[in-house]
Each structure stands twice: as C-alpha cells, then as structure tokens.
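Taking our numbering, the leading residue of the sequence shown gets 982, the next gets one more, and so forth. Data first, discussion second: the structure below is written as structure tokens.
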Amino acid sequence: MLIDLHVHSSVSDGTDTPTRLVFNAHAAGLDAIALCDHDTFDGIQEATEAGKRIGVQVLGGVEMSAQLDNRQVHILGYGCQTWNAPLLAELAKVRVGRTDRIQATLDILGELGQPITYDEVRAAAGASPSIGRPHVADAMVVRGYVRDRQEAFDTFLSDTGPAYVPRYAPHVIEAIRLIRGANGLAVLAHPWGRGMGQYLTSEVITELAAHDLEGIEVDHPDHDPQDRELLTELGFRLGLIRTGSSDYHGLGKRHNPLGVNTTRASGYREILRRIAGRGGVVPA
Ligand code: AMP
Ligand code: ZN
Ligand code: FE
Ligand code: FE
C-alpha cells in the first residue's frame, strides 16, 4: 500500500485542482493521500468525492501555519472535524494575515524594481482562499522577472530574502491544541527542512510531544539521510508516529513528485485508528 500524507492542491499553492490531484495520485500508484492545503479545508470535499470515483483513499488534512519565536513552523492536522468553530476561526485569522501581508511584499518588490499589482497576484492565485508567496512568485514569472517559483524564492521571497514580510500565525502549541480540540491528530511537518533544525531542536520537539503532538514527518524531500536517521530515533524515543510524504505542489515544486516519500501502512493505520477513536473524520 502506497501512502502519501502531505500533498497540496490549487485550493492553496499547489497547481492541480483537487480532482486532478487525485487523478495524478492514482496514476502515480498511490492508494491513499492526505490533502493538506495551507490553512484551509476547502479542497477536502472535492478530493474525497474524486477519490471515491477514482479509487484513492483521501484523508482530510490541513497544513496549519504556526510560529515559535516568530519563526514559521508547519503543523499537519489530520482528520479534524472541519466544522469545529475555534479551529475555523483561527484558520480564518491566519488567512487574513496572508492577504494583508501581500501588499507589503509588493511594496518592497516595487522598490526593488520588480513592480507587480495585487490584481496580478490575485489572478495567479485563482480561486484560492489561502494566498501565499508562491502566488507572488507565479505573478513574477508571468512578468518575466524570474524563470520559476524557486528563482523567485531564492532571489526575493525566502524567509531571509529582501521581500520577506512576516505574517500572523498562532504559537505552535496553540495550533496543536486547536487541531486536537477538533478531534484531529497533529504531526510536525518537515521539522528540519530549510534550516529549521536550529530552532526545532530535540528539546523543543520533546516539549511539543508533551503537548499532544502525536507524529513527526521524517521522510520529506527537505530532509537529508542523516536528518531522517536522527528524526527516526527521536520519534521512536518520544513515541511519535513517524510519517513520510512528498509535500507535492504540482508544477510548483518540481523536486517533490507524488509518492517520492511515503508513510508505512502501520503508521497510517495507527493515525486512522486514533482519529476514529476520538470522533474525528476518517475516509469511509
Ligand atoms: P507562505 O504560505 O506565503 O508563507 O509561503 C510558504 C510556501 O512557500 C510553502 O509552500 C513553501 O513550501 C514555499 N517556500 C517557502 N520557502 C521557500 C523557499 N526558500 N524555496 C521554495 N519554496 C519555499
Ligand atoms: Zn505550499
Ligand atoms: Fe510546509
Ligand atoms: Fe506543505
């Protein structure tokens, strides 16, 4: 059984619609995926329906923006009751922060000689309720300023780039609490990707595990073999479920093809067992 527990659709910053994503997952030989769009549940229903037609299990998820000492941390929330009011309110607050920050980013890009209008970013984002830097990058590509998203991040938009603007996100312990409060299961996404290992130390992850964190994403394209080995040990020691996933974004991240990293069936079953046991949402 091939299981990829972290993929994105065009409902956030992926490039496949939820239906196309499920189709592509089936073509890649996957049996199950978890749709984890950034800060929104909006794609889950379409993906679930497509999954039933095409024959791919779809676990509903979200990749929630959080922060630790004002550094971005991503928490995957699986099987949440998508109607849970406190969680929905917080996700809405995060999305307002996303929208608000875009104009500030564009102001800086203008000063750097890369003028773009908000409408161009909005057009790049399509109907996405969760606008982000990748959409700014797409608008830069359309203008011909950069070749692709990666060049836009490397030159302007990365967390240390000249056009980076911070945005609102809840504390990581609060994000985990909200996911658990919606009967979901929280997993720490790509903990040591993009230099985050400096901040998300073993000590910090140990503390998160004491605050209802239940899993850790070990096999992720941003982790090298040594990261994976150390995270496997740490996860084992803390009793965390270890997962693997592609973090697929369609054409938006060419190094993350569907199924490039996967989760063992035993880990997936344990995730579903816990979610079902607490009244969260599991695939039918
Ligand atoms: P945002 O949601 O606006 O904070 O942007 C986060 C998105 O941008 C996620 O999909 C990340 O994978 C992507 N991203 C963040 N940093 C980089 C980077 N240095 N290179 C490429 N993509 C990045
Ligand atoms: Zn993304
Ligand atoms: Fe992420
Ligand atoms: Fe992601």
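Quick reminder that beta carbons are idealized off the backbone N, C-alpha and C, glycines included. Keep in mind it's a predicted model, so treat the numbers as computed, not measured.
Shortest Cα-Cα distance from Cys1017 to any of Val1199, Val1263, Leu986, Asn1242 involves Leu986. Checking the DSSP bridge columns, you'll see Ser1046 partnered with His1055. Going down the chain, each residue whose beta-carbon is closer than 5 Å to a heavy atom of ligand 4 shows up: Glu1044, Asp1228.
With fewer than 16 other beta carbons inside 10 angstroms of its own, Leu1093 counts as exposed.
Taking non-hydrogen atoms of ligand 3 into account, the C-beta of His1236 is found less than 7 Å away from none of them. Between Pro1264 and Asn1237, the gap from beta carbon to beta carbon reaches 8 Å or more.
By the Cβ criterion, the stretch 1049-1064 is in contact with the stretch 1148-1159, since at least three pairs of Cβ atoms, one from each stretch, lie closer than 8 Å. Collapsing the DSSP output to three states places Ala1133 in a helix. For the pair Gly1060 and Ile1252, the Cα-to-Cα distance works out to about 9 Å. Counting only runs of 3 or more residues that sit fully inside the stretch 1186-1215, the beta strand (DSSP E) segments are 1194-1200, in chain order. Across the structure, Leu1181 and Gly1142 are spaced so that their CA atoms are roughly 21 Å apart.
CA-to-CA, the gap between Thr1080 and Gly1248 works out to about 36 Å.
Rounded to whole angstroms, the gap between the alpha carbons of Val1146 and Asp1020 is 18 Å.
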